[in-house]
Structure formats: C-alpha cells, structure tokens
Amino acid sequence: MVAVVEVSAGPRTTVAYARAALGLLPGLRPSGSGTLPDVEILHRGVTVDRGHLAAYDRICGFRLTDLLPATYPHVLAFPLAMRLMSDPGFPLPLIGLIHITNRITVHRPIDAGATLDLTVRAAALRDHARGRQFDVTTTATVNGAEVWRGVSTYLHLDGSSTAPAPTAAAPAFPAPGGSVWRIPARTGTDYAAISGDRNPIHTSRLGARAFGFPRPIAHGMWSKARCLAALEGRLPDTYTVDVAFKKPIPLPARVRFHSTQEGATRTFSLGSEGPHLAGVVTP
Numbered sequence: 001m002v003a004v005v006e007v008s009a010g011p012r013t014t015v016a017y018a019r020a021a022l023g024l025l026p027g028l029r030p031s032g033s034g035t036l037p038d039v040e041i042l043h044r045g046v047t048v049d050r051g052h053l054a055a056y057d058r059i060c061g062f063r064l065t066d067l068l069p070a071t072y073p074h075v076l077a078f079p080l081a082m083r084l085m086s087d088p089g090f091p092l093p094l095i096g097l098i099h100i101t102n103r104i105t106v107h108r109p110i111d112a113g114a115t116l117d118l119t120v121r122a123a124a125l126r127d128h129a130r131g132r133q134f135d136v137t138t139t140a141t142v143n144g145a146e147v148w149r150g151v152s153t154y155l156h157l158d159g160s161s162t163a164p165a166p167t168a169a170a171p172a173f174p175a176p177g178g179s180v181w182r183i184p185a186r187t188g189t190d191y192a193a194i195s196g197d198r199n200p201i202h203t204s205r206l207g208a209r210a211f212g213f214p215r216p217i218a219h220g221m222w223s224k225a226r227c228l229a230a231l232e233g234r235l236p237d238t239y240t241v242d243v244a245f246k247k248p249i250p251l252p253a254r255v256r257f258h259s260t261q262e263g264a265t266r267t268f269s270l271g272s273e274g275p276h277l278a279g280v281v282t283p
C-alpha cells in the first residue's frame, strides 16, 4: 500500500541540492541497487502566483494568458519531486540524474485561478543500457478530478558514459525549413531561478564539467516548453505531448525548430548538428 505524505510545501530547492551534494561524499553515496520508496507526496490547495506565471511565460516564450501552459504544473510540483528524490533513503543520487523523456497529458485547460492538489510518486526502477532509470509521475487535480498528468523518466549513468543512449526515433537532421533560435547563455540561470531546478549542470561551468559537459546545458523542460510555446494556437484543448531529450544543448546555442502536422498528430524537433529533442503531440 502506498504511503501518502501530505506536506504544506516542498523544500527550498537550494537546500535540497545541498543535501543531495552531501550524499555524493564517499560512504554516503546511494548504491543504486535499492528500491524506490513506496511513497506519494501530496500538496493540497496549491494556487498560482500570477507574477511567477508571467515570468515563466516570458522565459519560455508563451503568451500571457489566464490559462496555464502545459509545462507549468511540472514547475509547481518540482519542489515535491525534489523532496522525494533528495531523501537520504532514495536509491539514486539526485545530482547527476539525466532527464531523458517526458510525457504530459492535458485533460482539460487549467485556469490560472484554479486551486490544485498535486501529487508526486517515483516508480518503475529498471535497467537501462547506460545505467538505471525510473519514472516520476505527477498529477494535478481540481475538485477531485485529474486535469493534468506528467511522467518524467530519469537516468542514472553507471559511470561508463557521460551521455545517455538514444531513447526514441528522431526526425532526420538537419530538417528542412523551420525556425532558427539563438539561445543565450543566461537561459540556464534564468530558468533555474523561476523553476527551482538549480542542478549545477545548468547553472555552473564547473558543475557542468564535473559531469562531462564543456559548459552549462539548457534544461530539458525549458526546451520542451519553448517548443510548445512556438506551437501556441495550433494545439487542441486536450492532448498528450511526448518528448525524448536526445542531446544536451550547450549554452549559448543556435538551434533549429521544426514542426509538421500529419492528420491529428503533430511532430516537432529541435536540433543543430544533430537532434536535441524530438516530440509528438496526439489529441
């Protein structure tokens, strides 16, 4: 039976990352061979700060509206996920985890004035060609009805590689047409400040180098949000959007966004010399 832990807020993410960093010390590092905690973190009565939402919209490229972007509940629930994954009993270290896929299902548009109940749970610890992976499932409900669900898959490398193996087929690159985006170096720190995701691979050159990246890389969820922002006005009210994060985006960057529609299905991609992100929207 799943144990439900109700909280009034998640931890400050800077504190959670500091606690996670301590777990990397010799003798304190999780072995990766344990089991995931059978726990669900619940936060009731979450409301949206309009100023925070507006800042998020600006950073990710969304228009300012009274509806939440599809990726925004992920940010609201991120402190809960941090609480779960930075717990000393969690079997994998938080710092160094790589976000390899993300699925979001929007059951209905969410008004920014809605009061949400959020839950976060980790499950399905399993082998990967490069290490161990698991899923973090987040739900948002309004008056007891689920309106949003997100599933993030994270990978812990086994130490033999600094990059994950491909996780899904991607469109051929370079894709013809599309739009060229210039992503400034500050994107990592700007998004970290608004999302709470202060993983040093996104905010620090030293932190990035410690995990094999020559310079800080863009957040995967920023790149997904930026792609969905580019598709505003062309998405249905209810849909599922799957994304595979293929290759890190070192900052600053120049990338090409491409999108095609076939019937009710829309595919999109982001890449430069190769694919960084491949996504599909299904109604």
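Letter by letter, the sequence shown follows residues 1 to 283 of the UniProt record's numbering. Glycine is no exception: its CB is placed at the ideal position from the N, C-alpha and C atoms.
Query: When we look at the beta-carbon of R83 and count the other beta-carbons within 10 Å, is it buried (16 or more) or exposed?; Result: buried
Query: Can you round the beta-carbon distance between G259 and F245 to whole angstroms, since I take them to be within the 8 angstroms contact cut?; Result: It is worth fixing the name first, because residue 259 is Ser in this sequence and not Gly. That belief does not hold up - the Cβ atoms of S259 and F245 are roughly 17 angstroms apart, past 8 angstroms.
Query: With a CB to CB cut of under 8 angstroms and the five nearest residues on each side skipped, what residues in its chain are close to G61?; Result: A225, R226, A229 and A230
Query: Taking the alpha-carbon of F90 as reference, which of W181, D38 and T47 has the nearest alpha-carbon?; Result: D38
Query: Using CA atoms only, rank isn't needed, just tell me which of P250, A264 and V241 is closest to G279.; Result: V241
Query: Would you tell me roughly how many angstroms separate the C-alpha atoms of P250 and Y56, rounded to the nearest one?; Result: 21 angstroms
Query: Within 10 angstroms of the Cβ of G220, are there 16 or more other Cβ atoms? Answer buried if so, exposed if not.; Result: buried
Query: Between P184 and T203, is the Cβ-Cβ spacing less than 8 angstroms?; Result: no
Query: In three-state terms, what does DSSP make of A264?; Result: coil
Query: Let me make sure I understand the geometry here. Which of V147, T119 and I98 has the alpha-carbon closest to that of R130?; Result: I98
Query: Return helix, strand or coil for A244, following the three-state DSSP convention.; Result: strand
Query: Would a C-beta distance cut-off of 8 angstroms place A70 and I104 closer than the cut-off?; Result: yes
Query: Give the secondary structure of H202 by DSSP, where H, G and I count as helix, E and B as strand, and everything else as coil.; Result: helix
Query: Taking T137 as the reference, give the member of H128, T153 and R126 with the closest Cα.; Result: T153
Query: Can you give the beta carbon distance from V180 to R58, rounded, assuming they're within the 8 angstroms contact cut?; Result: Between R58 and V180 the Cβ distance is about 20 angstroms, and since that is not below 8 angstroms, they are no contact.
Query: Buried or exposed for P73, going by 16 or more other Cβ atoms inside 10 Å?; Result: buried
Query: I need the DSSP call for D66, collapsed to helix, strand or coil.; Result: coil
Query: Could you tell me whether the Cβ atoms of V75 and S195 are closer together than 8 angstroms?; Result: yes
Query: Do S223 and L277 have their CB atoms nearer than 8 angstroms?; Result: yes
Query: For P250, which of helix, strand or coil comes out of DSSP?; Result: strand
Query: If contacts are defined as beta-carbon pairs under 8 angstroms, then L68 and L118 qualify, I think. What distance do you get, rounded to the angstrom?; Result: With 8 angstroms as the limit, L68 and L118 do not qualify as a contact, their Cβ atoms being about 12 angstroms apart.
Query: Less than 6 angstroms between C-beta atoms, sequence neighbours within five positions excluded: which residues of the same chain meet that for R209?; Result: none
Query: My understanding is that G188 touches F257, with C-beta atoms under 8 angstroms, so please give their C-beta distance in whole angstroms.; Result: Not confirmed; about 19 angstroms, so no contact.
Query: Among all the DSSP beta bridges, which residues are the ones paired with R132?; Result: D127 and H156
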